[in-house]
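Inspection log for the structure reproduced underneath, given as structure tokens.
Residue numbers (the UniProt record's numbering), protein chains in the order written: chain A, 1 to 285; chain B, 1 to 336.
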């Protein structure tokens with residue numbers, strides 16, 4: 001008799017090649033909420049906002065914490081609060097929608113499945129982010145999960161949390177401020193020239209590294225990698241070939257333009273101080 | 001310092017003069033949020049509210065939330081207030097500091113010194129003792145500078161503004177010039193230990209990712225061009241204000257000449273009357289229109305415009321300085 005005698009435990013393949021991109025603001029937010037949590041709460045739970053890009057990547061841009069109560073067998077989430085915050089955030093930025101939820105703490109616990117189900121009702125295929133604030137294993141682990149359904153034949157058995165690759169991205173402007181964000185306190189925001197200096201130092205370090213690498217390869221200490229070699233030669237070749245005369249002319253022209261602007265702005269400032277003296281010093285009587 | 005050992009009750013009870021604000025301490029979280037919000041809506045200008053604590057001579061900003069963009073003014077007034085209350089209530093529930101300490105706004109090329117800014121300051125000052133405005137310029141950040149400034153109205157200026165009196169003598173009395181309107185306060189950034197641990201972990205080791213190439217870009221021309229455009233417009237405004245003053249002074253001197261002439265006539269008339277034995281006429285005649293005092297135009301606008309011009313000049317200086325370094329770098333690179 002042909003029957004569905006052998007049912008196979010099917011793992012749906014990770015055809016959901018979902019990956020997530022996390023903006024550092026989200027991490028900051030989560031850490032901040034964790035630091036401010038109520039004393040008896042062990043972990044913080046909240047909603048992730050963002051958008052889904054056309055190629056399937058989930059872009060996580062913002063987050064807010066949701067008060068919750070957790071005991072050994074049940075989890076209570078303040079749903080009204082969640083909706084209120086969502087509405088408020090959407091007033092500012094209507095493009096940000098719920099894309100998942102986060103929790104601090106290592107790994108996934110039993111209660112998480114329930115919460116995940118709740119979020120699955122709000123959005124299809126939510127992403128679950130865990131941020132390990134306890135530094136288990138001595139490192140900061142940020143993991144993202146999606147839930148895959150384990151099915152036995154037609155029956156659904158359980159949901160498995162499968163890890164997805166995460167990408168920590170920083171917008172250019174944020175990268176500029178990154179030095180400022182790293183240490184515990186910074187005394188002042190670096191101004192133009194200091195920032196310039198920092199950039200140039202980094203460039204110098206980069207060039208030094210490359211130099212060392214090439215040296216190593218030439219002396220046979222490191223196995224040569226064709227790709228890197230190709231890349232390096234492309235880079236060096238991309239310096240435009242200009243005759244020294246033309247190049248000097250270019251540089252000098254730009255220098256002169258900048259000097260002209262500096263001169264103009266100095267004149268303007270002198271004019272300003274003169275005008276001010278005239279305006280307020282004039283006496284009518 | 002003895003001040004730090006006093007309890008909160010004691011401080012609240014004694015109504016003493018607050019120490020002047022010296023430093024604004026911002027958390028990294030707030031900076032990131034401001035950057036993100038302003039960047040998303042650039043070039044539109046956006047605002048938001050700052051929350052935090054006011055401790056001694058340091059104003060700590062620990063959180064912020066953005067304001068939705070207002071479309072029409074009237075009906076959204078109530079909604080705006082509701083939104084604010086809602087946000088503050090929700091944030092209170094997660095233990096975020098609920099104290100408004102100011103607001104932030106984005107600006108374009110540094111053109112933020114307007115009368116609206118002053119009015120907003122005055123509004124805030126009525127309710128909060130110390131408030132600060134943080135101005136962020138996303139266009140400059142594309143050049144690779146974190147353009148964040150904390151501003152406060154200077155006290156002497158606020159007194160003047162309340163009386164709405166900007167005549168020359170008053171200003172001379174207080175020794176107030178256009179530099180004194182806004183005070184810039186230095187910003188200190190602080191991060192909780194947890195966050196700095198995270199960031200240190202997550203930072204990639206190779207300098208490849210870290211190198212912020214945008215700062216080393218050679219083409220600053222569009223930015224400088226727009227800056228110059230704005231500068232020129234401002235100069236036009238300034239010259240208009242100057243003309244207004246000239247007009248006023250000319251009128252004033254003309255009026256004075258008229259007054260003198262009239263006075264002379266009166267005096268001769270009186271002399272003739274005295275000779276004829278009649279009552280001398282009064283030497284002043286308030287109903288005569290030439291005695292009407294001319295209103296002196298307010299210098300507020302010109303001060304603001306001057307401030308803006310100086311801002312643009314500073315920016316140009318900064319960018320030009322950067323460009324010099326870049327050009328010399330290019331030169332050195334090419335010499336090999």
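Note that the Cβ used here is the ideal one computed from N, Cα and C, for glycine as well.
How would you list, in chain order, the residues of chain C whose beta-carbon sits under 7 Å from the beta-carbon of residue i?
| i | result |
| --- | --- |
| residue 313 of chain B | The structure shown contains no chain C; its protein chains are A and B. |
Quick one: does residue i have its CB under 8 Å from some CB of chain B?
| i | result |
| --- | --- |
| residue 224 of chain A | no |
| residue 32 of chain A | yes |
| residue 221 of chain A | no |
| residue 52 of chain A | no |
| residue 232 of chain A | no |
| residue 121 of chain A | no |
| residue 103 of chain A | no |
| residue 258 of chain A | yes |
| residue 249 of chain A | no |
| residue 84 of chain A | yes |
| residue 165 of chain A | no |
| residue 147 of chain A | no |
| residue 81 of chain A | yes |
| residue 126 of chain A | no |
| residue 286 of chain A | Residue coverage of chain A in this structure runs from 1 to 285, which leaves residue 286 of chain A outside it and unanswerable. |
What number of angstroms, rounded off, separates the C-alpha of residue i from the C-alpha of residue j?
| i | j | result |
| --- | --- | --- |
| residue 25 of chain A | residue 36 of chain B | 8 Å |
| residue 209 of chain A | residue 200 of chain A | 14 Å |
| residue 269 of chain B | residue 122 of chain B | 54 Å |
| residue 320 of chain B | residue 234 of chain B | 20 Å |
| residue 145 of chain A | residue 121 of chain A | 17 Å |
| residue 67 of chain B | residue 132 of chain A | 31 Å |
| residue 228 of chain A | residue 95 of chain A | 40 Å |
| residue 218 of chain A | residue 243 of chain A | 30 Å |
| residue 84 of chain B | residue 55 of chain A | 36 Å |
| residue 28 of chain A | residue 224 of chain A | 40 Å |
| residue 160 of chain A | residue 102 of chain B | 46 Å |
| residue 124 of chain A | residue 52 of chain A | 11 Å |
| residue 98 of chain A | residue 48 of chain A | 6 Å |
| residue 271 of chain B | residue 260 of chain B | 16 Å |
| residue 154 of chain B | residue 183 of chain B | 6 Å |
| residue 248 of chain A | residue 234 of chain A | 24 Å |
| residue 277 of chain B | residue 278 of chain A | 50 Å |
| residue 265 of chain B | residue 257 of chain B | 12 Å |
| residue 205 of chain B | residue 202 of chain A | Confidence in residue 205 of chain B is poor, its pLDDT being 42 and thus under 50, which makes the residue's placement unreliable; the coordinate value appears in the next sentence. Going from the Cα of residue 205 of chain B to the Cα of residue 202 of chain A covers about 12 Å. |
| residue 258 of chain A | residue 268 of chain A | 15 Å |
| residue 151 of chain B | residue 136 of chain B | 11 Å |
| residue 193 of chain B | residue 58 of chain B | 20 Å |
Hey, does residue i have any beta-carbon neighbour from chain A nearer than 8 Å?
| i | result |
| --- | --- |
| residue 95 of chain B | yes |
| residue 320 of chain B | yes |
| residue 242 of chain B | yes |
| residue 68 of chain B | yes |
| residue 99 of chain B | no |
| residue 59 of chain B | no |
| residue 306 of chain B | yes |
| residue 194 of chain B | yes |
| residue 88 of chain B | no |
| residue 233 of chain B | no |
| residue 56 of chain B | no |
| residue 324 of chain B | yes |
| residue 33 of chain B | yes |
So residue i and residue j are supposed to be a Cβ contact under 8 Å. How far apart are they, rounded?
| i | j | result |
| --- | --- | --- |
| residue 46 of chain A | residue 60 of chain A | Not quite, the Cβ-Cβ distance comes to about 12 Å (not below 8 Å), so this is no contact. |
| residue 102 of chain A | residue 207 of chain A | Not quite, the Cβ-Cβ distance comes to about 40 Å (not below 8 Å), so this is no contact. |
| residue 305 of chain B | residue 229 of chain B | That belief does not hold up - the Cβ atoms of residue 305 of chain B and residue 229 of chain B are roughly 15 Å apart, past 8 Å. |
Does the distance from the CB of residue i to the CB of residue j come in under 8 Å?
| i | j | result |
| --- | --- | --- |
| residue 31 of chain B | residue 189 of chain B | yes |
| residue 312 of chain B | residue 227 of chain B | yes |
| residue 34 of chain A | residue 104 of chain A | yes |
| residue 105 of chain B | residue 45 of chain B | yes |
| residue 118 of chain B | residue 307 of chain B | no |
| residue 186 of chain B | residue 61 of chain B | no |
| residue 63 of chain B | residue 108 of chain B | no |
| residue 75 of chain A | residue 114 of chain A | yes |
| residue 272 of chain A | residue 310 of chain B | yes |
| residue 88 of chain B | residue 95 of chain B | no |
| residue 158 of chain B | residue 125 of chain B | yes |
| residue 89 of chain A | residue 78 of chain A | no |
For the ligand SAH, any of its heavy atoms closer than 7 Å to the Cβ of residue i?
| i | result |
| --- | --- |
| residue 249 of chain B | Within the structure as shown, the ligand SAH is missing, as the structure has no ligands at all. |
Taking the runs of the alpha helix (DSSP H) that are 4 residues or longer, which of them lie wholly in the segment 98-162 of chain B? 115-127, 138-141
Enumerate, from N- to C-terminal direction, the unbroken alpha helix (DSSP H) stretches of 4 or more residues contained entirely within the segment 8-69 of chain B. 8-13, 28-41
For the segment 309-336 of chain B, list the beta strand (DSSP E) runs that are entirely contained and at least 3 residues long, ordered along the chain. none
For the segment 59-132 of chain A, which segments carrying the beta strand (DSSP E) assignment without a break, of at least 3 residues, lie completely within its bounds, in sequence order? 68-70, 75-77, 97-104, 127-131
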